[in-house]
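Participant: As they're listed, the protein sequences go chains A and B.
When you line the first sequence up against our numbering, it's residues -10 to 110, in that order.
When you line the second sequence up against our numbering, it's residues 15 to 374, in that order.
Note that CB positions come from ideal geometry on N, CA and C, so glycine has one too.
Here's a structure for you.
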Amino acid sequence: MSVEEVRRELAGIGPKGSARPISVFPVDNADGTLDMIYMFQIGQEVRLWRFAVREDQELPSISDLYKGALNMEREAVDLFGLRFAGVQGGLLLGPDSPVRAPLRKPRKKVTEAEAKEGGDA
Amino acid sequence: MPRTSTIPFGPQHPSFLEPLHLRVRLEEEKVAGVDLSLGYNHRGIEYAMEKDWKRNFFLSERVCGICSFHHSTTYAQALEMVTGVQPTERARLLRTVLLEVQRVTSHTLALGHIAEAMGYENLFMHFFREREEYMRIANEISGNRVHYCMNWLGGVRRDISPEAAREVSRRMEASLPRLRDLADVVRKDSTWLKRTKGVGSLSKAQAEDWAVVGPVARASGISYDVRLTGNAAYSLDGIKFKPIWREEGDSWARCMVRMDETLQSVEVCLQALSLLKEGPVASPFKGNPSGEGFSRNEAPRGELMYWVKANGTAGLDRVQVRTPAFVNIPPLGEMLQGEQFANVPVIVVSVDPCICCTDR
């Protein structure tokens, strides 16, 4: 799953009023990846799209489909340090703020055995 | 060539005391553009909520003092989805009563605030007199006026006696004629109409594009209300409920939706109180939750969503809070476009923007 697939599915749902973004938010996996969750209301149902992204990856924005998603993405930029194409942060944190990505988690410590296991794989 | 100027509205403004900053660009007296700044008071509550899932029943109420019970209820319902614990029937009804009592206090505050923004001080006092009655009713039920501290996983922490329920019903019924009088003012008063009719319009297409919720959406022709569906649906408890919505999309329509919802909330409270049956107010739960869940509720300003990821310890991996004000404030730029600068305070307040919720 990717943002492009989410965009394609949203485009196939119908006119703009058929789907409404409830929230777009990341969950930090503490291993250099984040799960992006796109929560939409479609009719009376809630639909979640979820996929992992790298912390340094630039993601396409969906704010051209729904203006309401823009501040959701800007919040993810400010609080998690994510990047969305064409989306500036600065919604909640000023440009001079010493705080950066305050909701990011410290990376999990990888033990020697785990590193070896990963390397073997 | 029109004269242009830029005027700041906030972050400290006499008509709106919360820290919202609008940089309003004017051509003569008309608004030509608006830049919005938030984040003056961001408190990092989502981060604080990762520390202790039990403490969050009280911490979530601190997101906002006007819809505190909606926050703790939505958090509790999200955890109930994670754990599979079902709140008891009595607890669900007591939650409904308090949710609607708080909606009355919030809507009367919003309407009083608009009255004050247009210089209608006397009407402001009338709205706040009615609000005070519902603050006292909340105190009667929960022991608190603002942060009720009533919610817990699987139910509520305090019951109400049959005598207290009867007294609360009596006081609510007594308030209805006074609230209907206020509804007549909002519907017909010439001062109110002149300041709000056709002012600050948001079309249905714009509302859909900005994904607005609550009375702002329902005033623009979107009939959706969370109380109809999901685990928060009132019909599950046998309560009759129909969303109130209008098509005008202007400041007056937003006021009318809130006013009519105030009367409706009283009716819903009376229904819920009449449906109360003897029984426990909470289901038991031991241990720590593990898994993911979310819940939505119709807070006074619209759909409120909590998403929770629990890891089997006292802490939580993540809590995401999507407040209604977070999506209702950004379209202010489109509502203000082309309006007289003198109407800016009324339009801003007609959205009922809550910066506590937005800067959670």
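1) Under 7 Å between C-beta atoms, does residue 35/B make it to chain A?
2) For the beta strand (DSSP E) containing residue 22/A, list its first residue and its last residue.
3) Return the chain-ordered list of same chain residues with a C-beta closer than 7 Å to the C-beta of residue 290/B, the five sequence neighbours on each side being excluded.
4) DSSP puts residue 267/B in a beta bridge; with which residues?
5) Pull up the distance between the alpha-carbon of residue 42/B and that of residue 221/B, whole angstroms please.
6) If we count the other Cβ atoms within 10 Å of its Cβ and call it buried at 16 or more, is residue 296/B buried or exposed?
7) Check each candidate in 29/A, 41/A, 40/A and name the one with the smallest Cα separation from residue 2/A.
8) Helix, strand or coil: how does DSSP classify residue 96/B here?
9) For residue 37/A, write down the residues that DSSP places opposite it in a beta bridge.
10) Pairing CB atoms from the region 115 to 128 of chain B with CB atoms from the region 32 to 48 of chain B, are three or more of them under 8 Å?
11) In or out: residue 0/A buried (at least 16 other Cβ within 10 Å) or exposed?
12) Starting from residue 317/B and walking both ways along the beta strand (DSSP E), at which residues does that stretch end?
13) Along chain A, in chain order, which residues have C-beta atoms closer than 7 Å to that of residue 224/B?
14) Determine the extent of the alpha helix (DSSP H) in which residue 340/B is found, giving its start and end residues.
15) Pick helix, strand or coil for residue 44/B, following the three-state DSSP scheme.
16) If you follow the beta strand (DSSP E) that residue -2/A is part of, which residue opens it and which one closes it?
17) Which residues share a DSSP beta bridge with residue 50/B?
18) Can residue 38/A and residue 76/A be called in contact, C-beta distance under 7 Å?
19) Name, please, each residue of chain B whose Cβ falls closer than 7 Å to the Cβ of residue 51/A.
20) Residues of the region 49 to 69 of chain B in Cβ contact with chain A at a cutoff of 7 Å, in chain order, please.
21) Counting only Cβ pairs nearer than 9 Å, list the residues of chain B close to residue 95/A.
22) Over what stretch of residues does the alpha helix (DSSP H) that includes residue 102/B continue unbroken?
23) Please report the distance separating the alpha-carbon of residue 151/B from that of residue 26/A.
24) What is the rounded straight-line gap between the Cα of residue 288/B and the Cα of residue 335/B?
25) Can you find the residues in the same chain that come closer than 7 Å, C-beta to C-beta, to residue 374/B, ignoring five residues on each side of it along the sequence?
26) Based on Cα-Cα distance, which residue from 225/B, 133/B, 330/B lies nearest to residue 305/B?
27) Pick out the complete alpha helix (DSSP H) segments inside the region 143 to 230 of chain B, 4 residues or longer, and give them in chain order.
28) What are the boundary residues of the beta strand (DSSP E) that residue 63/A is part of?
29) Anything in the region 311 to 326 of chain B with a Cβ closer than 8 Å to a Cβ of chain A? List those residues in chain order, please.
Facilitator: Looking at the coordinates:
1) no
2) 22 to 31
3) 104, 107, 179
4) According to DSSP, residue 267/B bridges with nothing at all.
5) 28 Å
6) buried
7) 29/A
8) helix
9) 28/A
10) no
11) exposed
12) 316 to 325
13) 56, 57
14) 338 to 342
15) strand
16) Here residue -2/A belongs to no beta strand (DSSP E); instead the alpha helix (DSSP H) covers -8 to 2.
17) 36/B
18) no
19) Within 7 Å Cβ-Cβ: nothing; residue 51/A doesn't reach chain B, min ~11 Å.
20) 52, 53, 56, 58, 60, 61
21) What residue 95/A touches in chain B: nothing, since even the nearest Cβ is about 12 Å away.
22) It is not in any alpha helix (DSSP H) - residue 102/B carries neither H nor E in the DSSP assignment.
23) 40 Å
24) 33 Å
25) 57, 59, 60, 77, 335, 337
26) 330/B
27) 176 to 202, 204 to 210, 218 to 224
28) Element bounds for residue 63/A: not the beta strand (DSSP E) but the alpha helix (DSSP H), 59 to 69.
29) 317, 319, 321, 323
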